[in-house]
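Residue numbers (numbering that gives the first Met the number 0), protein chains in the order written: chain A, 0 to 260; chain B, 0 to 260; chain C, 0 to 260; chain D, 0 to 260.
In this text, a Cβ means the ideal position worked out from N, Cα and C, and glycines have one as well.
All values derive from a computational prediction rather than experimental measurement.
Number of protein chains: 4
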Amino acid sequence: MPDLSGFFAPRSPKGRASIIPAPPWYYSGDVLTLEYRAAPGAVAAWLPTGVEPADDPDAVAVVFADWQSSSDGGGELLDPVRSQYKECFVVVRCRYHGETFSRCVLIWVDKDFALARGWFQGYPKKLGSIWMTRPVTVGRAGPRLEAGGRFGATLAANDRRLAEVSLTLTGSSVTGGFVNALPMLHSRWMPSIDPSQPDALSELVTMSSQDVELGPVYTGDATVELFDVPGDELSALRPYEMIAGYWRQVGATFAGGTKLA
Amino acid sequence: MPDLSGFFAPRSPKGRASIIPAPPWYYSGDVLTLEYRAAPGAVAAWLPTGVEPADDPDAVAVVFADWQSSSDGGGELLDPVRSQYKECFVVVRCRYHGETFSRCVLIWVDKDFALARGWFQGYPKKLGSIWMTRPVTVGRAGPRLEAGGRFGATLAANDRRLAEVSLTLTGSSVTGGFVNALPMLHSRWMPSIDPSQPDALSELVTMSSQDVELGPVYTGDATVELFDVPGDELSALRPYEMIAGYWRQVGATFAGGTKLA
Amino acid sequence: MPDLSGFFAPRSPKGRASIIPAPPWYYSGDVLTLEYRAAPGAVAAWLPTGVEPADDPDAVAVVFADWQSSSDGGGELLDPVRSQYKECFVVVRCRYHGETFSRCVLIWVDKDFALARGWFQGYPKKLGSIWMTRPVTVGRAGPRLEAGGRFGATLAANDRRLAEVSLTLTGSSVTGGFVNALPMLHSRWMPSIDPSQPDALSELVTMSSQDVELGPVYTGDATVELFDVPGDELSALRPYEMIAGYWRQVGATFAGGTKLA
Amino acid sequence: MPDLSGFFAPRSPKGRASIIPAPPWYYSGDVLTLEYRAAPGAVAAWLPTGVEPADDPDAVAVVFADWQSSSDGGGELLDPVRSQYKECFVVVRCRYHGETFSRCVLIWVDKDFALARGWFQGYPKKLGSIWMTRPVTVGRAGPRLEAGGRFGATLAANDRRLAEVSLTLTGSSVTGGFVNALPMLHSRWMPSIDPSQPDALSELVTMSSQDVELGPVYTGDATVELFDVPGDELSALRPYEMIAGYWRQVGATFAGGTKLA
């Protein structure tokens, strides 16, 4: 009898039941980034032991993205319920062994395949409801990608609002922000099946996107409101000083990462 | 005591509880149209008494659209859960008093405000789950708007698939189809609160979009599959002969219609 | 060619596409009722011209219900996605032509068939997300139907919380409240397709449930919190003075109503 | 700086962001079990290397459950969006080191907290939409728990139906089935962050519910239909010979398991 097949659970006789196919995974989407500084020291509290704050240690990026994604073959693209998802995530910067990394500390997505990919990558994903204003090219129901264009985005989970943000464009930009631009430093944890024992898996990994293709960047003035809700600590990263916001289209490939520790 | 206010129910002291604000309503979105002929006579069975088949009487358009919409003021655009919705609808052509009209015979949307606007307009809306492939400009996770680009779209309701369609682009087009291009002829029905009595409201109305702004049209080869499910008759309009498919962006304003009978 | 068939839109060749079948409609469910008085005069502001406040004019019932429902034949009961729904509604009392009625001023449900039934009956329904603690008979994950049992219920719409309530049981009761116990007085409105004209339909109707079958009533101490959100006025009916809460199971039949004006 | 806290990701400064609190977890719910034999050899194909078929090797249980659940303290019970979930899962029997176990090979749930608990326990959970007929005690909209009572349940994922089952009660029973009655034998897998490397975590674990409290069992005739869909292999476990169905209420506690290999 051959063994079970499949990249991830559920593993099955033919390997087709896995919640996600094996990498590489391709992404194309709209990305709204809001950068600010949290209260002094607020970010450091979110770093695991052995990981140090970076320069400009309180910088935070809240990122909203509306993705279309696929694996090799791309069959999901014609069944878009299995290729599209939205996400909202919070990124900070940190230092480890002398290098500066980006690190995602909180993230919400709206599909299970995205949740599973994240748990594999060390993105600590939960489910949420994410909405983002889309730019338009015809009609009056939305902003143009030009000065004065206004975008909103919201995050909810468990029937409560967690975040409301806005971006009012002032013009174009050469950068899309500095907080989320680096190789990621993520933790992959799985508690022991015996809760009295140490974690069964506890890794520090790094990964970078490949074949990154970037559209033009639009920048402007940003607002970020984060709300207190039971079962979350997002509001501990409230803005203390806004930096800027950015909107761009991004294409990228994920093909795996490297275990650091 | 002043009377209750609001365009639609629920009417309330300040008129802010109405499920929809008063027109005008603005729309900007992506529209995927699949045109075909159903079995001979299939369309005529969907016309109310007094409304006649048009020339080319079996022509049908299945339309998927991903809209952003707003009322005057546009506040919903920054709270996009209240401005975005997707829909799938079936349009046929008919004649009434010597003129040719388009008529929507079945339609599904994924938000309540869109449902209410439709019931007001005579679009016989139900809730559904609608997904459409999006074109991309960067990355590998989606089609480009060029020959060879492949798009899929699906409709489900009550946890069952009702429709799966595809469009493979062959090039550009000057037309976006002929079935859904006309003034609409819709019925507005409300049964009597006493089910033994005739309808309390039974109107024939017409309406046209205003300030229509159209993006370039991409055309190609289309497929349409419609499935049998309990509680629906969509499959009675299955394709007999495909015509073509179209993708374009559309902007439009709805500001009311006219009662014909 | 025969005319279109079906109780409600969409009307279709065989009448099976209607979003709802014709009455009678049967209901069996769990009902959580929280009664209180709103600020003096708050309720009167929600009555249409010609309808007067009742005795004890500020009394309000917020009702959460978890229903299973069906039409004749009951086929939906084996496809429960089409028979189950939850709702939260706000009921007040009023007088019309010398009689005292109950009147639903705001209501949210989580299925489209329930929305359509409500619009037919004059319940001004919107979509919402409704959750209610269930009593249990085994295990530790829930309250028993006995003194000390604690129940919560929540309402959200458009990704925002609108209401949070609780009930802590103190014992049994002979009554299930007095606000929602009367014949309903509802308005059925449909604006003219030309928004500059008066309503195309504006009726005052009354209806009562039939074949009501009631389980034992449990009563206790209630809390009700109502939140401000854009596009709603629910918070205008905040409690000023709590009365009591009730939990019971209810079975009922709806078979139509009577037009009063 | 203290380390991050929390049972599961996301770990955070105060440990309150974890998608799930630490065990113990309490469950109370309604459980519908349909037992049958799949085609000869069909079940063995779902066992990992080193795990053997049990006696009566093709026996399968499809289980639908509607749970209320909580962690210690039980705060989720008053915010029921965070305590209620439904699931559908497929259980088989197997032998390992001379003992007979139950093993869940496929499972769908409708909340993220339930998904995370399952991935911790080795239940290979995906998201789905699950609906189950509820028994009623008043009214006509549902079955009574007595001979002739008919129950349906359905599973969908990604807008497609995967399973439809029914149970028609014939009477009471002393057993609730034999497939899902044993200690569970589950695999916990996490692929390496470098997809070319072996799994980073690959464990065989066992666990049993504690403090099990069982309501009376109702049994009857069962039907199970499993459908082919892209991205799943559920239909490979279609019934070959039905055994019986069962409905009962179950309370249980999960407090951790034991690693076997």
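TODO: Output, in chain order, the set of chain A residues within a Cβ distance shorter than 8 Å of C:R160.
DONE: Numbered from its first residue, the third sequence carries residue 160 of chain C at position 161. Result: D158, R159 and R160.
Open item on the list: Once DSSP output is grouped into helix, strand and coil, what is the label at B:S195?
Closed with: Position 196 of the second sequence, counting from 1, holds the residue named residue 195 of chain B. B:S195 falls in the coil class under three-state DSSP.
- [ ] Compute the Euclidean distance between the alpha carbons of B:L33 and C:R10, then round it to the nearest angstrom.
- [x] As a working note, residue 33 of chain B is residue 34 in the second sequence. As a working note, residue 10 of chain C is residue 11 in the third sequence. In a straight line, the C-alpha of B:L33 is about 23 Å away from that of C:R10.
- [ ] Determine the extent of the beta strand (DSSP E) in which A:G219 is found, giving its start and end residues.
- [x] The residue labelled residue 219 of chain A in the question sits at position 220 within the first sequence. Residues V216 to L225.
- [ ] Out of C:S186, C:G256, C:Q196 and C:L166, state which residue places its alpha-carbon closest to the alpha-carbon of C:Q209.
- [x] The residue you call residue 209 of chain C lines up with position 210 of the third sequence. Answer by Cα proximity: C:G256.
Open item on the list: Taking CB distances under 8 Å as the criterion, tell me whether B:T48 reaches chain D.
Closed with: Locating residue 48 of chain B in the second sequence gives position 49, counting from the first residue. Chain D, which has no Cβ nearer than 8 Å to the Cβ of B:T48, makes this no.
Task: Unbroken stretches of the alpha helix (DSSP H), 4 residues or longer, contained in the region 161-196 of chain D - done: none
- [ ] Look at the Cβ atom of D:P190, then the Cβ atom of A:F88, and state whether they are nearer than 8 Å.
- [x] For the purposes of this step, residue 190 of chain D is taken as the residue at position 191 of the fourth sequence. For the purposes of this step, residue 88 of chain A is taken as the residue at position 89 of the first sequence. Their beta carbons are not under 8 Å apart, which means D:P190 does not touch A:F88 by this criterion.
- [ ] Using only alpha-carbon positions, find the residue among D:E51, D:I19, D:E86 and D:L200 that is nearest to D:L184.
- [x] As a position in the fourth sequence, residue 184 of chain D is number 185, starting the count at 1. Of the candidates D:E51, D:I19, D:E86 and D:L200, the one whose C-alpha sits nearest the C-alpha of D:L184 is D:E51.
Open item on the list: Please tell me whether D:L236 and D:V59 are closer than 8 Å, where the distance is taken between their beta carbons.
Closed with: Here residue 236 of chain D refers to the residue found at position 237 when the fourth sequence is read from its first residue. Here residue 59 of chain D refers to the residue found at position 60 when the fourth sequence is read from its first residue. Yes.
Task: Contact under 8 Å by Cβ, A:L76 with B:A140 - done: Taking the first sequence and counting its residues from 1, the one referred to as residue 76 of chain A is at position 77. Taking the second sequence and counting its residues from 1, the one referred to as residue 140 of chain B is at position 141. Taking 8 Å as the Cβ cut-off, A:L76 and B:A140 qualify as a contacting pair.
- [ ] Starting from A:R102, find everything on chain D with Cβ-Cβ shorter than 8 Å and list it in chain order.
- [x] Residue 102 of chain A sits at position 103 when you count from the first residue of the first sequence. In chain order: nothing, as chain D lies at least about 11 Å away.
Task: For C:R116, the three-state DSSP class (helix, strand or coil) - done: Within the third sequence, numbered from 1, the residue matching residue 116 of chain C stands at position 117. Here C:R116 sits in helix by DSSP.
- [ ] Tell me where the beta strand (DSSP E) around B:P142 begins and ends.
- [x] By one-based count along the second sequence, residue 142 of chain B stands at place 143. No beta strand (DSSP E) contains B:P142, which DSSP labels as neither H nor E.
Task: Validate contact between the region 242-256 of chain B and the region 129-138 of chain A using beta carbons, cut 8 Å, 3 pairs - done: yes
- [ ] Under the assumption that A:L225 contacts A:A162 (Cβ atoms under 8 Å), give the Cβ distance between them as a whole number of angstroms.
- [x] Residue numbering aside, residue 225 of chain A sits at position 226 when the first sequence is read from its first letter. Residue numbering aside, residue 162 of chain A sits at position 163 when the first sequence is read from its first letter. A:L225 to A:A162, Cβ: 5 Å. Contact.
Task: Completely contained alpha helix (DSSP H) runs for the region 60-133 of chain D, where each covers 4 or more residues - done: 111-120
Task: Those residues which DSSP pairs with D:P52 across a bridge - done: Counted from its first residue, the fourth sequence places residue 52 of chain D at position 53. Answer is D:C93, bridged to D:P52.
TODO: Look at the Cβ atom of B:R15, then the Cβ atom of C:E232, and state whether they are nearer than 8 Å.
DONE: Here residue 15 of chain B corresponds to residue number 16 of the second sequence, with the count starting at 1. Here residue 232 of chain C corresponds to residue number 233 of the third sequence, with the count starting at 1. Yes. Within cutoff.
- [ ] Examine chain C for any beta-carbon lying closer than 8 Å to the beta-carbon of B:R81, and answer yes or no.
- [x] By 1-based counting over the second sequence, the position of residue 81 of chain B is 82. Yes - at least one Cβ of chain C is within 8 Å of the one on B:R81.
Open item on the list: Looking at chain C, is there any beta carbon in it that lies within less than 8 Å of the beta carbon of A:T153?
Closed with: Mapped onto the first sequence, residue 153 of chain A falls at position 154. So yes, A:T153 belongs to the interface.
- [ ] Give the range of the beta strand (DSSP E) segment to which C:A156 is assigned.
- [x] Counting from one through the third sequence, the residue named residue 156 of chain C turns up at place 157. Counting along the chain, the beta strand (DSSP E) containing C:A156 begins and ends at R149 to A156.
Open item on the list: With a threshold of 8 Å between beta carbons, is C:Q120 in contact with chain D?
Closed with: Here residue 120 of chain C corresponds to residue number 121 of the third sequence, with the count starting at 1. So, not an interface residue.
Open item on the list: Can you give me the C-alpha to C-alpha distance between D:G74 and A:I242, rounded to a whole angstrom?
Closed with: One-based indexing of the fourth sequence puts residue 74 of chain D at position 75. One-based indexing of the first sequence puts residue 242 of chain A at position 243. Those two C-alpha atoms are separated by around 38 Å.
Task: Near-chain D residues of the region 111-136 of chain B - C-beta to any C-beta below 8 Å - done: S128 and W130
Task: Sequence-distant residues of the same chain with beta carbon closer than 8 Å to B:N179, five excluded per side - done: Numbered from its first residue, the second sequence carries residue 179 of chain B at position 180. Taken in chain order, the residues that qualify are T32, A60, V62, V90 and S101.
- [ ] Say whether chain D places a C-beta atom closer than 8 Å to the C-beta of C:L213.
- [x] The count along the third sequence starts at 1 and reaches residue 213 of chain C at position 214. At least one chain D Cβ lies under 8 Å of C:L213.
TODO: Would you check if the region 167-179 of chain A and the region 213-223 of chain A touch, i.e. whether three or more CB-CB distances between them fall below 8 Å?
DONE: yes
- [ ] With a threshold of 16 other CB atoms inside 10 Å of the CB of A:V211, please say whether the residue is buried or exposed.
- [x] As a first step, residue 211 of chain A is located in the first sequence; it is residue number 212 there, counting from the start. Exposed is the call here.
Task: B:Q67 classed as buried or exposed, judged by whether at least 16 other C-beta atoms fall within 10 angstroms - done: Residue 67 of chain B sits at position 68 when you count from the first residue of the second sequence. Buried, by the Cβ-count rule.
Task: Chain-ordered chain C contacts of D:S25 [CB-CB under 7 Å] - done: If you number the fourth sequence from 1, residue 25 of chain D lands on position 26. In the sequence as presented, Ser is not what sits at residue 25 of chain D; that position holds Tyr. Result: G138, R139 and A140.
Open item on the list: With distance defined between alpha-carbon atoms, name the residue in B:K124, B:D55 and B:V164 nearest to B:V223.
Closed with: Here the question's residue 223 of chain B lines up with position 224 in the second sequence. Taking only the C-alpha atoms, the option nearest B:V223 is B:V164.
Open item on the list: 8 Å is my cut-off, CB to CB: does C:L76 come that close to chain D?
Closed with: Against the third sequence, residue 76 of chain C aligns to sequence position 77. Yes, its Cβ sits closer than 8 Å to a Cβ of chain D.
Task: Burial state of D:S70 (16 or more Cβ within 10 Å) - done: Taking the first residue of the fourth sequence as position 1, residue 70 of chain D is located at position 71. It counts as buried.
- [ ] Compare the beta carbon distance of B:R94 and B:Y239 with 8 Å and say whether it is the shorter of the two.
- [x] Walking along the second sequence from the start, residue 94 of chain B turns up at place 95. Walking along the second sequence from the start, residue 239 of chain B turns up at place 240. Contact: no.
- [ ] Starting from the beta carbon of A:E202, find every residue of chain D whose beta carbon is closer than 8 Å, and list them in chain order.
- [x] In the first sequence, the residue the question calls residue 202 of chain A occupies position 203. Correct list: I192 and A199.
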